[in-house]
Amino acid sequence: MWKWYAILSAVFAALTAIFAKIGIKDVDSNLATAIRTCVILFITWGIVIASNSLGGVKELSKTNWGFLVLSGVATGLSWLFYFKALQLGEASKVAPIDKMSVVITIFLSFIILKEPVSWKVLLGGGLIAGGRW
């Protein structure tokens, strides 16, 4: 099932780039990112409330909170830089560079998370890195 979610993520990430490129025309990229963030905020909290998951907040540890906050900061900075890049460059050139995050994630998963190294993952990461040029 996780593969379907990953495919849907890729499709919506692609639509994000296209919609954002159209939406940021003559708009400050930071303002555009703030608007996007508000939309995401309402959608995700709506899903949490609708699925009765709000009680899980009480079960979060300090470690959970710390790393979720760090993840949020990283996400926010990523979005700000991505929208600025989209505003200044072509989506077809910005998106492949942005997807180098996949290669960086693979590298960090080996180093920080101690995930196993496989030739398939290394080959995939190499193809992604080589394909962006």
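In the numbering used here, the protein residues as written are -17 to 115. Every residue gets a Cβ at the ideal spot worked out from N, C-alpha and C, and that includes glycine.
Self-check item: Close-in-space but distant-in-sequence residues of the same chain around Ala67 (CB under 7 Å, 5 per side omitted)
Solution: In its chain, beyond the 5 residues on either side, Val76 have a beta carbon closer than 7 Å to the beta carbon of Ala67.
Self-check item: Among Ser35, Asp80, Phe89 and Leu42, nearest to Thr(-2) - alpha-carbon criterion
Solution: With distances taken between Cα atoms, Thr(-2) lies closest to Asp80.
Quiz item: Would you report the Cα separation of Glu97 and Asp8, rounded to the nearest angstrom?
Solution: About 44 Å.
Quiz item: To which residues of the same chain is Ala73 closer than 6 Å at the C-beta, ignoring the five residues directly before and after it?
Solution: Excluding sequence neighbours, Ala73 sits near Ala(-1) and Lys3.
Self-check item: Among Val85, Gly58 and Trp101, the one whose alpha carbon lies nearest that of Ala14
Solution: The option with the nearest alpha carbon to Ala14 is Gly58.
Quiz prompt | Under 8 Å between C-beta atoms of Phe89 and Val99 | solution = In terms of Cβ geometry, Phe89 and Val99 do not form a close pair [threshold 8 Å].
Exercise. State the start and end residues of the unbroken alpha helix (DSSP H) segment that holds Lys102.
Key: The continuous alpha helix (DSSP H) containing Lys102 extends over residues Trp101 to Gly113.
Practice problem: Compute the Euclidean distance between the alpha carbons of Ala32 and Gly71, then round it to the nearest angstrom. | Solution: Straight-line Cα distance between these residues: approximately 39 Å.
Quiz item: Quick one, which of Gly107, Gln69, Ser83 and Val85 has its alpha-carbon nearest Asp10's?
Solution: For the residues Gly107, Gln69, Ser83 and Val85, the minimum Cα distance to Asp10 belongs to Gln69.
Exercise. Mark Trp(-16) as exposed unless 16 or more other C-beta atoms lie within 10 angstroms of its C-beta, in which case mark it buried.
Key: Per the 10 Å Cβ criterion, exposed.
Quiz item: When DSSP labels each residue in this structure, what does Asp10 get in the three-state scheme?
Solution: Correct three-state label for Asp10: coil.
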